[in-house]
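Participant: Protein chains in written order, with full-length UniProt numbering: chain A, 1 to 346; chain B, 1 to 346.
Take a look at this one; I'll ask things after.
Number of protein chains: 2
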Amino acid sequence: MTEYSAPTRRPTIKEVARLAGVSHQTVSRYLKSRQGLRPATLERIDVAVEELGYRPNLMARSMRTRRTGRLAVVMPVTTYNQARLLSGALAAAHEAGRVVEVVSVEGSAATLTERVLELAGSGQVDGVLSLTPMAAGNGHNLPSGAAVVVTPEFDDAMRSIGELTDATPVTELIERLANLGHRRFLHVAGDQAFASARARKVAYLEAIDRFGLESVGVSDGDWSGESGVEAILQLDADRLPTAVIAANDVVASGVVRGAYERGLDVPGDLSVTGWDDNELCRFLPPSLTTVRINLEGVGRNAALRLIKAVGGPELEPWSGPVAEVIWRESTAPPRQSTDSSPVGSR
Amino acid sequence: MTEYSAPTRRPTIKEVARLAGVSHQTVSRYLKSRQGLRPATLERIDVAVEELGYRPNLMARSMRTRRTGRLAVVMPVTTYNQARLLSGALAAAHEAGRVVEVVSVEGSAATLTERVLELAGSGQVDGVLSLTPMAAGNGHNLPSGAAVVVTPEFDDAMRSIGELTDATPVTELIERLANLGHRRFLHVAGDQAFASARARKVAYLEAIDRFGLESVGVSDGDWSGESGVEAILQLDADRLPTAVIAANDVVASGVVRGAYERGLDVPGDLSVTGWDDNELCRFLPPSLTTVRINLEGVGRNAALRLIKAVGGPELEPWSGPVAEVIWRESTAPPRQSTDSSPVGSR
DNA sequence: ACAGCCAAAGTGAACGTTCACTATTCTGTA
DNA sequence: TACAGAATAGTGAACGTTCACTTTGGCTGT
Chain A
1 MTEYSAPTRR PTIKEVARLA GVSHQTVSRY LKSRQGLRPA TLERIDVAVE
51 ELGYRPNLMA RSMRTRRTGR LAVVMPVTTY NQARLLSGAL AAAHEAGRVV
101 EVVSVEGSAA TLTERVLELA GSGQVDGVLS LTPMAAGNGH NLPSGAAVVV
151 TPEFDDAMRS IGELTDATPV TELIERLANL GHRRFLHVAG DQAFASARAR
201 KVAYLEAIDR FGLESVGVSD GDWSGESGVE AILQLDADRL PTAVIAANDV
251 VASGVVRGAY ERGLDVPGDL SVTGWDDNEL CRFLPPSLTT VRINLEGVGR
301 NAALRLIKAV GGPELEPWSG PVAEVIWRES TAPPRQSTDS SPVGSR
Chain B
1 MTEYSAPTRR PTIKEVARLA GVSHQTVSRY LKSRQGLRPA TLERIDVAVE
51 ELGYRPNLMA RSMRTRRTGR LAVVMPVTTY NQARLLSGAL AAAHEAGRVV
101 EVVSVEGSAA TLTERVLELA GSGQVDGVLS LTPMAAGNGH NLPSGAAVVV
151 TPEFDDAMRS IGELTDATPV TELIERLANL GHRRFLHVAG DQAFASARAR
201 KVAYLEAIDR FGLESVGVSD GDWSGESGVE AILQLDADRL PTAVIAANDV
251 VASGVVRGAY ERGLDVPGDL SVTGWDDNEL CRFLPPSLTT VRINLEGVGR
301 NAALRLIKAV GGPELEPWSG PVAEVIWRES TAPPRQSTDS SPVGSR
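Below, the structure written as structure tokens:
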């Protein structure tokens with residue numbers, strides 16, 4: 001949803017030259033190496049560049065030098081999480097006749113945001129699709145020259161799609177488990193710095209509340225298997241849950257392991273659900289109930305928003321289900337079901 | 001290792017115009033929409049374009065139109081297989097001041113090869129790093145304008161690095177298992193269309209031979225968990241192996257599941273090894289012995305070769321271990337070890 | 001037969017750099 | 001003081017397109 005934009009003419013080498021009182025070629029030299037220039041000249045150009053906010057036009061440079069500074073990496077469509085998102089976005093962009101450049105980033109949300117905006121302002125791209133969370137609504141909507149679209153999936157300010165993809169399956173998991181007779185739940189959450197982790201946590205609490213169930217708590221984790229193990233081991237023996245909603249499959253497998261260490265049977269004593277449908281889920285003993293997200297679809301739709309924002313063609317969005325719960329062996333009715341009357345939905 | 005290259009001046013719009021006996025602007029129009037031109041003119045240009053092998057210079061076009069036709073996708077470093085390779089390559093390219101464009105491809109090796117060469121010849125990139133197998137040594141080294149580097153990791157004609165990364169860990173796995181007392185092995189291979197699957201199979205057979213062990217066979221699979229389950233279920237009850245080398249973690253978890261279905265204990269009756277170090281491996285019951293590949297390192301080194309090929313700076317390659325065996329619970333001495341004298345290495 | 005018009009094609013400039021020269025200014029030494 | 005030679009700066013063209021105009025030519029209608 002978040003979309004920064006702006007068409008603003010950028011200063012050229014000649015304007016910098018005029019402001020600095022030198023020739024354009026001198027500025028060119030300055031750009032190339034900053035060498036062979038008198039300190040005074042250097043400084044004047046420095047000032048002019050700073051003042052105009054000059055950034056070289058890399059297209060023009062490439063044209064002249066016949067070097068693009070670009071490499072291409074060709075790789076098969078991968079099948080894992082972010083890679084899947086990317087894959088969907090790439091396919092859509094290709095359909096729209098666009099070339100995609102992937103920039104890998106790391107660091108804090110603030111760093112990321114800066115990097116994204118720099119990219120948008122670089123004049124190298126028509127638009128930027130950020131599959132990474134951006135620092136929330138700051139004054140960043142400054143003229144940047146390119147459209148920026150941030151996936152709600154990853155946006156720190158969680159909105160529509162985020163709730164859609166995240167809340168629904170959690171509710172579905174809990175409702176079904178409640179119908180199987182479960183009354184006491186535990187949620188092992190993911191790193192709360194992630195919007196998806198927060199959304200799942202919120203959805204968990206809401207569902208518990210809505211269906212009138214009991215939560216023995218929410219264990220704030222960090223997406224790690226250890227956090228799952230820990231969460232189980234620390235539980236009060238006389239108030240154990242019968243079902244655990246884990247933030248993802250790794251956490252869930254940690255939960256299962258923790259349960260075994262305490263002598264609890266899964267799913268006999270404890271039902272466990274994961275998230276992501278890791279390839280191994282189907283073969284674990286017990287095979288893990290999980291949520292499969294159509295990341296390619298999400299990626300495609302995100303790309304479509306960007307393509308539209310930069311004036312590209314309107315393509316067919318993915319309109320099928322985004323999330324799907326896969327029920328497997330790790331979920332079953334609790335051993336001594338005290339009450340299995342259906343829970344009212346809504 | 002494979003490196004195609006060639007610097008060749010490409011024809012321009014004016015040359016096409018001259019050959020077709022029209023003005024450059026007419027060719028420009030032809031390029032834009034092929035409309036508003038008399039059929040005869042159209043045809044003449046068609047012929048000229050064909051004859052010269054003309055392809056528009058997209059840099060020049062972008063410069064004039066101020067549209068790049070490029071989108072950027074910004075994403076966090078991912079942690080899975082190809083994404084990890086990509087991540088390493090991206091980091092290296094960034095260090096060398098290069099921008100990377102990722103093109104996702106699918107289809108047969110021939111299609112891929114064509115796509116890669118087209119990309120190389122498009123003038124849009126300085127070089128192409130192919131992390132995908134290319135059709136083996138054909139006459140494709142035609143002047144393409146950009147360097148092409150194919151990762152041996154993925155090259156169909158397996159060479160040095162491939163052997164290095166694939167053979168060594170298999171040998172290490174088998175040697176250690178043999179030292180634990182295992183004598184009878186099974187290999188559940190991956191899809192033999194993949195170089196890596198073939199390499200692991202070859203390495204398995206060589207190790208069995210070198211250490212004087214017994215193999216109850218090689219089950220050719222398809223990287224799926226089912227292939228692992230099947231392989232175990234079909235085994236002759238009176239000639240069971242005590243150790244299984246699975247092509248990857250998914251296959252291995254299938255093997256474990258198959259073993260349980262047959263009432264075999266892992267690792268009591270059967271030791272199992274995987275490959276890839278899937279995040280869930282550590283938490284499976286039993287946690288899975290596997291091989292961790294430093295894909296970022298491999299990706300980096302591949303990118304370094306390309307960067308060097310296109311005249312970029314020489315960066316520090318990753319020189320640490322590429323593969324590492326992680327020993328976990330799924331491997332142990334066989335229940336009734338008949339003989340545990342160490343196996344001679346070499 | 002001729003003005004009027006539309007389609008088809010042409011002309012030259014412009015996009016923002018860098019390249020290959022040429023011109024100017026400094027520096028040190030005879 | 002003068003002069004060579006380096007160091008520094010400037011000039012104009014070129015890269016390959018597309019844009020905004022202008023020109024040409026064929027056809028229509030009166």
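Don't be surprised by glycine CBs; every beta carbon is placed ideally from N, CA and C.
Remember, it's a predicted structure, so these values are computed and weren't measured experimentally.
1. Can you list, in chain order, the residues of the segment 58 to 78 of chain B whose Cβ is nearer than 7 Å to any Cβ on chain A?
2. Candidates A/328, A/331, A/223: which alpha carbon is nearest residue 191 of chain A's?
3. For a test of the three-state rule: what should DSSP assign to residue 283 of chain A, helix, strand or coil?
4. Nearer than 7 Å: is that true of the beta carbon of residue 246 of chain A relative to any heavy atom of the ligand ATP?
5. Using a Cβ-Cβ cut-off of less than 8 Å, list which residues of the UniProt domain "HTH lacI-type" (11 to 65) of chain B approach chain A; keep chain order.
6. Can you tell me the Cα-Cα spacing of residue 296 of chain B and residue 321 of chain B, whole angstroms?
7. With DSSP collapsed to three states, give me the class of residue 182 of chain A.
8. If you draw a straight line from the C-alpha of residue 53 of chain B to the C-alpha of residue 118 of chain B, how long is it?
9. At 3 residues or longer, and completely inside the segment 223 to 276 of chain B: list those beta strand (DSSP E) runs for me, N to C.
10. How many Å lie between residue 19 of chain A and residue 32 of chain A at the Cα?
11. Out of curiosity, what's the CA-to-CA distance linking residue 335 of chain A and residue 244 of chain A?
12. In this structure, how does DSSP classify residue 155 of chain A when only helix, strand and coil are distinguished?
13. Going by beta carbon distance, what residues of the same chain come within less than 7 Å of residue 312 of chain A, once the five residues before and after it are set aside?
14. Taking only beta-carbon atoms, is residue 140 of chain B less than 8 Å away from chain A?
15. Could you give the uninterrupted runs of the alpha helix (DSSP H) lying entirely in the segment 294 to 337 of chain B, keeping only those of 4 residues or more?
16. Can you tell me the Cα-Cα spacing of residue 40 of chain B and residue 89 of chain A, whole angstroms?
17. Closer than 7 Å by beta-carbon distance: list the chain B residues that pair up with residue 249 of chain A, in chain order.
18. Would residue 9 of chain A be called buried (16 or more neighbouring beta carbons within 10 Å of its own) or exposed?
19. Strictly under 8 Å for the Cβ-Cβ distance: is residue 192 of chain B near chain A by that measure?
20. Inspect the beta-carbon positions of residue 189 of chain B and residue 259 of chain B and report whether they are closer than 8 Å.
21. Sorted by chain position, which residues of the same chain lie with C-beta nearer than 7 Å to residue 14 of chain B's C-beta, five sequence neighbours on each side aside?
22. Which chain A residues sit within Cβ distance under 8 Å of residue 126 of chain B?
23. In terms of DSSP beta bridges, what is residue 75 of chain A paired with?
24. In the DSSP assignment, the alpha helix (DSSP H) including residue 129 of chain A goes from what residue to what residue?
25. Any contact of the segment 57 to 65 of chain A with the segment 256 to 276 of chain A, i.e. 3+ C-beta pairs under 8 Å?
26. Do we get a CB-CB distance below 8 Å when we pair residue 273 of chain A with the residues of chain B?
27. Can you confirm whether the segment 195 to 205 of chain B touches the segment 249 to 258 of chain A when touching is taken to mean that 3 or more C-beta pairs between the two stretches lie within less than 8 Å?
28. Let's test the definition: count the other Cβ atoms within 10 Å of the Cβ of residue 124 of chain B and tell me whether it reaches 16, buried, or not, exposed.
29. Quick check on the burial criterion: 16 or more other C-beta atoms within 10 angstroms. Buried or exposed for residue 227 of chain A?
30. Along chain B, in chain order, which residues have C-beta atoms closer than 7 Å to that of residue 254 of chain A?
31. Which of helix, strand or coil does DSSP assign to residue 291 of chain B?
32. So which residues on chain B does residue 225 of chain A lean against when the C-beta distance must stay under 8 Å?
33. Output, in chain order, the set of chain B residues within a Cβ distance shorter than 8 Å of residue 362 of chain A.
34. Around the Cβ of residue 67 of chain A, are there at least 16 other Cβ atoms within 10 angstroms (buried) or fewer (exposed)?
35. Under a CB-based cut-off of 8 Å, is residue 132 of chain B close to chain A?
Facilitator: Reading it off the structure:
1. Residues of the segment 58 to 78 of chain B with a Cβ closer than 7 Å to any Cβ of chain A, in chain order: 59, 60, 62, 63, 67, 68, 69, 70, 71, 72, 73, 74, 75, 76, 77, 78.
2. Of the candidates A/328, A/331, A/223, the residue whose Cα lies closest to the Cα of residue 191 of chain A is A/223.
3. DSSP, reduced to helix, strand and coil, places residue 283 of chain A within a helical segment of the structure shown.
4. The ligand ATP is absent from the structure shown, which contains no ligand whatsoever.
5. Within the UniProt domain "HTH lacI-type" (11 to 65) of chain B, the residues whose Cβ lies closer than 8 Å to some Cβ of chain A are 57, 59, 60, 62, 63, listed in chain order.
6. Their Cα atoms are separated by approximately 11 Å.
7. Coil.
8. The alpha-carbon atoms of residue 53 of chain B and residue 118 of chain B are separated by roughly 12 Å.
9. You should have 243 to 246, 271 to 273.
10. Spanning the two alpha carbons is a distance of roughly 19 Å.
11. One C-alpha to the other measures close to 15 Å.
12. Interpretation of residue 155 of chain A is limited by its pLDDT of 41, a score under 50 that renders its predicted location unreliable; the figure taken from the coordinates is listed afterwards. Here residue 155 of chain A sits in coil by DSSP.
13. For residue 312 of chain A, where only same-chain residues beyond five positions count, the Cβ hits under 7 Å are 96, 98.
14. Because residue 140 of chain B sits at a pLDDT of 42, beneath the cut-off of 50, its placement in the model cannot be relied upon, and the following sentence gives the value as read from the coordinates. No - not a single Cβ of chain A is within 8 Å of the one on residue 140 of chain B.
15. Runs of the alpha helix (DSSP H) lying entirely within the segment 294 to 337 of chain B and spanning at least 4 residues, in chain order: 295 to 309.
16. About 41 Å.
17. Chain-ordered, the chain B residues with CB closer than 7 Å to the CB of residue 249 of chain A read 280.
18. By the neighbour-count rule (16 or more Cβ atoms within 10 Å), residue 9 of chain A is not buried but exposed.
19. Taking Cβ atoms only, chain A never reaches closer than 8 Å to residue 192 of chain B, which makes this a no.
20. The answer is no: Cβ separation not under 8 Å.
21. Correct list, in chain order: 24.
22. Per Cβ cutoff of 8 Å: 67, 68, 69, 70, 71.
23. Beta-bridge analysis with DSSP links residue 75 of chain A to B/104.
24. Counting along the chain, residue 129 of chain A falls outside any alpha helix (DSSP H), though it belongs to the beta strand (DSSP E) covering 127 to 130.
25. Because the criterion of three Cβ pairs below 8 Å is not met, the segment 57 to 65 of chain A and the segment 256 to 276 of chain A do not touch.
26. By this cut-off, residue 273 of chain A is not an interface position.
27. In short, these stretches do not touch, since the Cβ pair count stays below three.
28. Residue 124 of chain B is buried by the Cβ-count criterion.
29. Residue 227 of chain A should be labelled buried.
30. Residues of chain B with a Cβ closer than 7 Å to the Cβ of residue 254 of chain A are, in chain order, 283.
31. In the structure shown, residue 291 of chain B adopts extended strand secondary structure according to DSSP, grouped into three states.
32. Near residue 225 of chain A (Cβ distances below 8 Å), the residues of chain B are 279, 280, 282, 283.
33. Here chain A covers residues 1 to 346 and nothing more, so residue 362 of chain A does not appear.
34. It counts as exposed.
35. Yes - at least one Cβ of chain A is within 8 Å of the one on residue 132 of chain B.
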